[in-house]
Amino acid sequence: DVFQVVPSQRLSRHVNAAPFTIYRALRAINPSPYMFYLDMQDFQIVGASPELLVRFEDNEVTIRPIAGTRPRGTDRQSDQRFAEELKNDPKERAEHVMLVDLARNDVGRVSIPGSIQIGEFMEIERYSHVMHLVSNIAGQLRDDVTPYDALRAGFPAGTVSGAPKIRAMQIISELEAEQRGVYAGAVGYFSHSGNQETAIALRTMVIKDGRAYIQAGCGVVADSDPTGEYQESLHKARALLRALDEAETIAQERRQDALID
-6 DVFQVVPSQR LSRHVNAAPF TIYRALRAIN PSPYMFYLDM QDFQIVGASP ELLVRFEDNE
54 VTIRPIAGTR PRGTDRQSDQ RFAEELKNDP KERAEHVMLV DLARNDVGRV SIPGSIQIGE
114 FMEIERYSHV MHLVSNIAGQ LRDDVTPYDA LRAGFPAGTV SGAPKIRAMQ IISELEAEQR
174 GVYAGAVGYF SHSGNQETAI ALRTMVIKDG RAYIQAGCGV VADSDPTGEY QESLHKARAL
234 LRALDEAETI AQERRQDALI D
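In the numbering used here, the protein residues as written are -6 to 254.
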């Protein structure tokens, strides 16, 4: 039915730390292109997303798929070994090419024919706990569509759903016990000038009623190793879990200082 599907799992933990303390810890542990803290009154969203969903600027639509993951090495040699392994893994390359094609199709739905360009292609991008393969696809927006149409064309991202998208989403709905909520959605802005930029809600947690909810997924294809894919999802959640640990330590130290005072 599908070439790839991207299932996810949800983790949850009790937290005593203030949500903004958790955000500050995450910012220090896992600095990312898209850092955000949203206070929705009865819950908070804390995130450090590495991945653009859709950008529209100067009449150009950009999607930047991330697909392919390895953990960071413990030293420079092991880090480089993981990077070479990622770039040369036939399965990872095939999945990435498929998702680049999907992104190119999404951009093409709202772009002038012949204007689509692939800039970066399968570049290694490193973060605190993982590294990824990244590509960049851009096209010129047609006159008969709007920036909102561009966002609609790219949502949800193929990197968090699969290919083809509709059937992949149906399978996800069948397999996942709970609705995704914020996870794999979009966080961003629309400016008065018409420009917009949204990130995929990855490396993101929701904090509600004293619990933190974390979700992470992995791309599954016919020849995937189930254990490896499961471990990949845990690697993606690791920075968030570390941020919770750090924030709890800070909160405990503050409580102790208050008792001493």
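The C-beta atom is built at its ideal place from N, Cα and C for all residues, glycine as well. Just so it is clear, the structure is predicted and the values come from calculations on it, not from any experiment.
For G155, the beta-bridge partners assigned by DSSP are V(-2). Two segments are said to touch when three or more pairs of C-beta atoms, one from each, lie closer than 8 Å; by this definition the region 172 to 180 touches the region 146 to 164. For the pair E169 and G40, the Cα-to-Cα distance works out to about 22 Å. In terms of CA proximity to M115, N129 leads the group G107, S121, N129.
Within the model, the alpha-carbon separation for L237 versus A209 is close to 16 Å. DSSP, reduced to helix, strand and coil, places S226 within a helical segment of the structure shown.
Here R74 has G66 as same chain residues with Cβ atoms under 7 Å from its own Cβ, once five neighbours each way along the sequence are excluded. In the pairwise beta carbon analysis, the region 46 to 60 is classified as touching the region 131 to 140: at least three pairs are separated by under 8 Å. In this structure, V(-1) sits near T152, with a CB-CB distance shorter than 9 Å. For R204, same chain residues with a beta-carbon under 8 Å away, outside a window of 5 residues either side, are S5, R6, H7, V8 in chain order.
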